[in-house]
Amino acid sequence: NKFIPQKAAGTRSVDEITGSRRLRRMRKAAWSRRLVQENHLTVDDLIWPVFLVEGANIREPIAAMPGVFRLSIDVAVREVEHAAKLGIPAIATFPNVDLSLRDVTGSQILNPDNLTNRATRAIKQAVPEIGIITDSALDPFTSHGHDGILRDGIIVNDETVDQVAAGAVLQAAAGADIIAPSDMMDGRIGAIRSALDANGFQDVAIMSYATKFDSAFYGPYRDAIGTAGLLQGDKKTYYISAANCAEALREAEQDIVEGADMIMVKPGLPYLDIIRQLKDTFALPTFAYQVSGEYSMIRAASANGWIDGERAMMESLLAFKRSGADGILTYFAPAVAEMLKG
Ligand code: PBG
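Counting with the numbering used here, you get residues 259 to 600 for the letters of the sequence shown.
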């Protein structure tokens, strides 16, 4: 009878095979699945990256990042207030600076009243309970889209580091709680630490973008901060190759020696192995950046009805927890916080 499942002659029974161990027992009901759940995502794990733009009352859509907006400072203050009410512990700001202010050395980072620093002051005053993380890289301020000073086709390391550290001091003075350099120059962590300490900012922490890989997944971000059309060449002389793991460990170790309080892996999902290794090796607070391309892929597939966007979002974030991450920078932060609340 074709409706009766068949068994080939000689097949051992499942009990013989597993010794009556059955892993499905604990999956049989929602209550037991809850009981044995190993990792949990909570609102405490979330850092919300916020894009800034000049002006007032602006909430400008970013084409490559559906659901993400560039916010003028007044709107950012309101939305960060809301994020704080949802329980999100910290934000990370990224400015889209007027093209006329960008130059070869990214000199706007030395303006105490640049977009980033004004936003920090406004947010700090209105929402003192939320942590503010500022990126001290030069790329939002350079006319060529690089994270460093470009001279004769070369990204000059040491002068970039001086500039980044001086900019970091201004960010701290504006009220930043954590400085997060994303530029991958050699020696920047030590330079920033000494500059902060020398200027009375011993309590300002450093979250190092310790292992930042040369990645196609940053594409939509470059649209968001307006560097997409500017970038000359690529960033291969300062970001880590996607092929390298030992090098990533050495990068992280160096940043820790120089004084990083927390380290980050970026992008996130394609680099879970790195997160696990860094966490196990150094036991420092370790963060994942679910970058713009990762976000947009989930949004796009979901918009097309190819995947369940909400489930994919939660699953990807849980994967970071499983890999050992202490928290995640994610554009989904407000949406996730709402979901976790409801
Ligand atoms: C640059 C910077 C990048 C991101 C944050 N800071 C990428 C880049 O190198 O262009 C990427 C964030 C994202 O993709 O979400 N220092």
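We put the beta carbon where it would ideally sit given N, CA and C, even for glycine.
Local conformation of residue i per DSSP, three classes
i    : result
N415 : helix
P353 : strand
G389 : strand
D273 : helix
K524 : strand
Y497 : coil
D361 : strand
M443 : coil
I539 : For the record, residue 539 in the displayed sequence is Thr; it is not Ile. In this structure, T539 counts as helix in the three-state DSSP scheme.
A380 : helix
T374 : helix
L299 : coil
R280 : coil
I407 : strand
L329 : strand
S452 : helix
S554 : helix
L489 : coil
I532 : helix
I367 : helix
A559 : helix
D519 : coil
When the options are compared against residue i, the one with the closest alpha-carbon
i    : options                   : result
F459 : M465, R451 and F309       : R451
F352 : H298, E505, A342 and I390 : I390
I437 : G448, V462, A558 and P528 : V462
Q601 : F590, P319, F471 and V335 : A query on residue 601 cannot be resolved here, the shown segment of the chain reaching from 259 to 600 and no further.
A500 : D472, K524 and A486       : D472
S394 : S440, R379, A453 and N562 : S440
I483 : V338, F399, E417 and R379 : F399
K537 : V549, I521, E573 and P528 : I521
K470 : E339, R279 and V523       : V523
A423 : G433, G448, D410 and D435 : G448
A348 : I305, V362, R317 and S365 : I305
V385 : D420, D332, A510 and V362 : D332
S550 : A541, S365 and M323       : M323
T300 : P319, G345 and E318       : G345
A474 : V594, R317, L527 and D435 : L527
M571 : T588, Y479 and T378       : T588
A314 : A456, L373, A593 and L507 : L373
A377 : D361, K343 and E337       : E337
A431 : M443, V419 and N369       : N369
E596 : R317, E296 and A341       : A341
A468 : E509, I262 and A380       : E509
Unbroken alpha helix (DSSP H) run spanning residue i, endpoints
i    : result
G477 : G477 to A482
A595 : A591 to K599
E318 : First-last for E318: R317 to P319, but that is the beta strand (DSSP E), not the alpha helix (DSSP H).
R569 : G567 to R580
I514 : A504 to E516
R291 : A288 to L293
Range of the contiguous beta strand (DSSP E) that encloses residue i
i    : result
L310 : L304 to V311
Q548 : T544 to Q548
T469 : A463 to K470
I346 : No beta strand (DSSP E) holds I346; DSSP gives it neither H nor E.
A438 : I436 to A438
T400 : From DSSP, T400 is part of no beta strand (DSSP E); its letter is neither H nor E.
G585 : G585 to T588
Proximity test, residue i beta-carbon vs the ligand PLP heavy atom, cut-off 8 Å
i    : result
L281 : What this structure holds is the ligand PBG, not the ligand PLP.
CB contact below 9 Å: residue i versus chain D
i    : result
P319 : Given the protein chain composition of this structure (a single chain), no chain D is represented.
> Between the stretch 574-584 and the stretch 534-554, do three or more beta carbon pairs fall short of 8 Å?
Replying inline: Touching, yes.
> Would you call the stretch 482-495 and the stretch 515-528 in contact, with 3 or more CB pairs under 8 Å?
Replying inline: Below 8 Å, too few C-beta pairs join the stretch 482-495 and the stretch 515-528 to call them touching: fewer than three.
>> Please output, in chain order, the residues near the ligand PBG using a CB cut-off of less than 5 Å to any non-hydrogen atom of the ligand.
In response: Those residues having their beta-carbon less than 5 Å away from any non-hydrogen atom of the ligand PBG are, in chain order, A395, D397, D405, S440, Y476, Y479, V549 and S550.
> Counting pairs of Cβ atoms below 8 Å between the stretch 287-304 and the stretch 320-333, do you hit three or more?
Replying inline: Touching, no.
> For the 8 Å Cβ check, are there 3 or more pairs between the stretch 472-490 and the stretch 392-411?
Replying inline: As far as the Cβ criterion goes, the stretch 472-490 touches the stretch 392-411, which means the pair count is three or higher.
>> Would you call the stretch 300-317 in contact with the stretch 349-366, where contact means no fewer than 3 C-beta pairs closer than 8 Å?
In response: Yes: the two stretches touch, three or more of their Cβ pairs being nearer than 8 Å.
>> For the stretch 554-570 against the stretch 269-281, do three or more pairs of beta-carbon atoms, one drawn from each stretch, fall closer than 8 Å, so that the two count as touching?
In response: As far as the Cβ criterion goes, the stretch 554-570 does not touch the stretch 269-281, which means the pair count is below three.
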